[in-house]
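Written below as structure tokens is the structure these notes are about.
Protein chains: 2
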Amino acid sequence: MLEQEGFRVHMAADGREGYEKALLLKPDLVIVDLRLPGMTGMEICKQLRASNLPTPILVLSAVGDEIDKVLLLEIGADDYVTKPFGSRELLARIRALLRRVSPEGKKVYHFGDVEVDVERRVVERKGEAVKFTPSEYNLLMYFLQNPDKPLTRDMILNSVWGYDHYPNTRTVDIHVVKLRQKLEPDPNVPRYFTTLHGVGYRFLP
Amino acid sequence: MLEQEGFRVHMAADGREGYEKALLLKPDLVIVDLRLPGMTGMEICKQLRASNLPTPILVLSAVGDEIDKVLLLEIGADDYVTKPFGSRELLARIRALLRRVSPEGKKVYHFGDVEVDVERRVVERKGEAVKFTPSEYNLLMYFLQNPDKPLTRDMILNSVWGYDHYPNTRTVDIHVVKLRQKLEPDPNVPRYFTTLHGVGYRFLP
DNA sequence: GTTGTGTTTACAGGAAGTTAACATGGACAC
DNA sequence: GTGTCCATGTTAACTTCCTGTAAACACAAC
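What follows is the structure, encoded as structure tokens:
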């Protein structure tokens with residue numbers, strides 16, 4: 056569900072692995088279940104804080120759990136959700152946490168006749184909505200966040216497709232083509248998503 | 056493989072030699088295998104950190120190794136890769152580490168009516184952007200980084216074209232000509248990219 | 001199965017890099 | 001001064017590599 060929404064998600068099968076991954080990947084947010092094999096959610100919180108990780112932590116708890124919510128927050132968690140919960144609620148909490156931590160100054164991008172509303176995940180061209188698949192949208196976001204900078208295919212792959220995912224570099228090309236088809240005034244003469252021959256691509260707002 | 060990618064690589068046959076070389080050469084990145092003759096990867100990490108070397112360290116571990124990844128990270132390693140891994144993955148990790156550590160300081164060069172913005176990879180003359188191919192741009196960077204120094208064709212070939220790549224030395228000439236055409240007030244009377252007859256070239260800002 | 005999405009493959013066209021050939025001009029000896 | 005030699009400048013052809021595009025394939029969700 057989170058990936059559908061454009062988040063990059065890493066998962067861990069137990070508490071110990073989760074703790075390691077959190078330290079290593081330094082994600083924007085950690086979601087922890089209270090009941091875990093290997094290490095309880097509580098312990099993870101404590102340890103992550105002890106390791107000086109500033110990442111916000113969202114705790115999931117089952118309805119039967121007898122938990123001291125205050126203790127949880129004191130220990131380093133930033134929010135908790137009690138099962139059962141809907142995906143909409145979880146999403147809202149996640150967005151709220153992320154917003155609280157990094158106030159995300161810009162929520163709407165503009166260039167040419169295109170408008171991108173990050174919060175609503177909507178791209179409009181001349182006022183009309185344009186559909187974007189998850190990877191197209193992620194690629195677009197990466198360009199928007201790095202205007203003017205030359206971006207090599209490797210940088211794009213790392214940031215958009217992720218650390219551990221390794222498709223062919225030509226995959227980037229094809230998605231750039233798709234962005235151009237959807238957003239360029241003349242897709243054959245790119246104005247915003249330009250090619251740097253021998254280097255990569257560059258977004259010029 | 057790394058040399059192919061433009062990195063300069065030093066190797067060591069055992070842990071002790073690697074430790075000494077790392078201290079001596081102060082490289083941008085250290086790659087250590089966990090199982091080493093002479094000194095284990097763990098010990099190297101610890102010692103390098105104890106010696107106040109800020110260099111990022113990437114650890115390679117065999118799949119069978121029972122390693123405490125957290126301990127590894129706490130001891131001073133910055134990332135680890137478990138064998139078997141592909142060269143693309145290794146490369147990506149290396150690039151990510153280098154990027155994380157040195158955020159690429161803002162650098163802008165000036166000379167005459169020319170301005171070079173390294174981060175944006177943009178060269179402007181009288182405020183107008185001038186296009187540069189990869190090798191032209193690399194050559195320009197090399198001149199910018201070595202002002203006033205006489206540079207022989209061999210030095211230029213080594214640094215710009217790379218260690219193991221040896222095209223005709225005349226290739227340098229032609230690229231110098233192109234720089235002049237694009238950046239000199241009068242390309243026939245070089246002012247910035249001057250010829251040292253019998254020696255090579257020199258950049259005078 | 002069908003649909004939508006993502007990835008890989010194949011190939012054409014074009015950009016960039018290299019080489020060769022010739023022209024030019026400086027260094028040096030006389 | 002003058003002539004020769006050799007280094008450098010210049011042009012154009014050649015080669016190599018990169019990118020855009022279409023189409024096939026893989027895969028998951030429905």
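One line per chain: the protein sequences are A and B, in this order.
With the numbering used here, the residue at position 166 of the first sequence is 221, and numbering never jumps.
With the numbering used here, the residue at position 56 of the second sequence is 111, and numbering never jumps.
Where is the CB? At the ideal position from N, CA and C, for every residue including glycine.
- Under the rule that a run must span 4 or more residues, the alpha helix (DSSP H) segments found entirely inside the stretch 157-201 of chain B read 189-200.
- Spanning the alpha carbons of asparagine 201 of chain B and proline 245 of chain A requires a straight line of approximately 36 Å.
- Shown here, arginine 257 of chain A sits in a strand according to DSSP, grouped into three states.
- Using a Cβ distance threshold of 7 Å, valine 169 of chain A and leucine 238 of chain A count as a contacting pair.
- Taking 7 Å as the threshold, the shortest C-beta distance from arginine 235 of chain B to chain A does not fall below it.
- When beta bridges are read from the DSSP output, serine 116 of chain B appears opposite B:Thr137.
- One finds His252, Gly253, Val254 in chain A with Cβ atoms closer than 8 Å to the Cβ of proline 189 of chain B, taken in chain order.
- In the three-state reduction of the DSSP assignment, valine 87 of chain A falls in the strand class, which pools E and B.
- Distance between leucine 259 of chain A and glycine 167 of chain A, taken at the CA atoms: about 10 Å.
- In this structure, tyrosine 197 of chain A sits near serine 214 of chain A, with a CB-CB distance shorter than 7 Å.
- Judged by DSSP in its simplified three-state form, threonine 250 of chain A adopts strand.
- Bounds of the beta strand (DSSP E) holding threonine 207 of chain B are 205-207.
- Pairing valine 114 of chain A with glutamine 102 of chain A, the inter-Cα distance amounts to about 14 Å.
- For the pair valine 171 of chain B and phenylalanine 187 of chain B, the Cα-to-Cα distance works out to about 11 Å.
- Residue contact check for arginine 143 of chain B against chain A: a CB pair falls below 7 Å.
- In the three-state DSSP reduction, serine 142 of chain B falls in the helix class (H, G or I).
- The beta-carbon of tyrosine 247 of chain A is placed no less than 7 Å from the nearest beta-carbon of chain B.
- Rounded to whole angstroms, the separation of the alpha carbons of valine 231 of chain B and threonine 95 of chain B is 48 Å.
- Straight-line spacing of the CA atoms in aspartate 209 of chain A and arginine 143 of chain B works out to 9 Å.
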